[in-house]
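Report on the structure given below.
Residue numbers (our numbering): 41 to 330.
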């Protein structure tokens with residue numbers, strides 16, 4: 041993929057190119073740790089929206105395919121087209137009803153058809169022009185179908201990072217976790233263009249794309265010692281270490297301290313939240329050819 045302008049106006053790569061490379065040992069395991077933290081909530085929401093038998097589903101940025109397979113196994117959908125820029129992990133675990141497409145959804149010719157469910161989790165935050173991409177994905181939703189987007193919300197701020205106050209009234213020192221998260225978000229923005237500032241606007245973008253019945257919810261997984269989400273962040277920091285250090289906000293020792301903090305009983309912090317927003321295409325499901 042060609043470089044593009046990142047969040048800081050420099051040439052940036054793409055997810056899986058500069059960081060989180062799929063060929064790097066352990067990347068599938070890192071993705072699956074995230075799945076352990078979020079899949080139950082995702083499946084609960086999709087089923088509450090009516091996803092079930094007879095539905096044709098498009099899973100964008102499907103990763104290792106955990107959501108796609110659970111849609112087939114638990115929701116009994118008719119079929120899932122799982123799309124990713126690199127499909128090696130999907131190809132390793134074929135199941136009946138799961139079709140795989142290697143594609144870039146930002147490409148002008150991306151047009152895989154129309155689906156009852158279009159789902160993308162932790163995808164748009166890494167892409168340029170989220171407003172245009174939301175419009176493209178909304179156009180893939182068949183009448184009566186639903187578009188569901190989930191992405192990260194950064195809850196690291198001066199207040200959440202340092203809830204205690206020093207005796208002189210000044211702010212207490214940041215936790216190692218908060219320092220690492222701020223460096224990670226800035227490093228990813230500079231290196232691959234990740235921008236989570238758009239995420240709270242997803243409900244408005246869905247309405248602007250012509251969808252109705254728009255709703256949203258946010259989930260913040262607990263950072264418990266040894267939990268999948270804690271292990272996910274520790275591994276994510278390791279893989280994005282170079283871009284984090286390049287920000288000047290943290291050094292290698294600071295990242296190591298953050299990893300130890302996550303695995304300690306002293307950890308008292310908020311993970312990044314996952315905001316899920318959805319919107320429906322007006323019409324009766326099945327009233328248009330897929």
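Glycine included, every Cβ here is placed at the ideal spot set by N, Cα and C.
- A residue is called buried once 16 or more other Cβ atoms fall within 10 Å of its Cβ, and residue 101 is buried on that count.
- Between the alpha carbons of residue 193 and residue 82 lies a distance of about 16 Å.
- In this structure, DSSP gives residue 155 an extended state, which the three-state scheme calls strand.
- Taking the C-beta atoms as reference points, residue 157 is found no nearer than 9 Å to residue 113.
- Taking all protein chains shown into account, residue 107 has 16 or more neighbouring C-beta atoms within 10 Å of its C-beta and is therefore buried.
- A direct Cα-to-Cα measurement between residue 166 and residue 228 gives close to 9 Å.
- Annotation for residue 314: the continuous beta strand (DSSP E) segment containing it runs 313-320.
- The Cβ atoms of residue 313 and residue 260 sit closer than 9 Å to each other.
- Within the DSSP secondary-structure output, residue 142 pairs in a beta bridge with 124.
- In the three-state scheme derived from DSSP, where H, G and I count as helix and E and B as strand, residue 252 is classed as strand.
- Two segments are said to touch when three or more pairs of C-beta atoms, one from each, lie closer than 8 Å; by this definition the stretch 294-307 does not touch the stretch 235-243.
- Under DSSP, the beta-bridge partners assigned to residue 161 are 190.
- Beta-bridge analysis with DSSP links residue 258 to 315.
- Distance from the CA atom of residue 256 to the CA atom of residue 172, rounded to whole angstroms, is 20 Å.
- Taking C-beta atoms as the reference points, residue 152 and residue 180 count as a pair closer than 9 Å.
- Per the C-alpha coordinates, the member of 189, 215, 117, 115 positioned closest to residue 307 is 215.
- For residue 141, the closest of 121, 189, 155, 115 by C-alpha to C-alpha distance is 121.
- Residue environment for residue 237: exposed (fewer than 16 other C-beta atoms within 10 angstroms of its C-beta).
- Here residue 96 is bridged, per DSSP, to 119.
- Looking from the CA of residue 247, the closest CA among 178, 94, 63 belongs to 178.
- Cβ-Cβ separation between residue 275 and residue 73: approximately 7 Å, consistent with a contact (criterion under 8 Å).
- Taking the C-beta atoms as reference points, residue 295 is found nearer than 9 Å to residue 223.
- Between residue 196 and residue 310, the C-beta spacing is below 9 Å.
- Straight across, the Cα-Cα distance linking residue 262 with residue 271 is about 12 Å.
- It is roughly 27 Å from the alpha-carbon of residue 297 to the alpha-carbon of residue 191.
- Residue 266 and residue 279 have their C-alpha atoms some 19 Å from each other.
- When the five nearest sequence neighbours on each side are left out, the beta carbons in the same chain lying within less than 7 Å of the beta carbon of residue 226 are those of 287, 289, in order along the chain.
- Taking each of 60, 316, 76, 90 in turn and checking the Cα distance to residue 184, the smallest one comes out for 90.
- Leaving aside the five residues that flank residue 322 on each side, the residues in its chain whose CB is nearer than 6 Å to its CB run, in chain order, 252.
- In the DSSP assignment, residue 235 falls outside any alpha helix (DSSP H) and carries neither an H nor an E.
- Under DSSP, residue 310 shares a beta bridge with 262.
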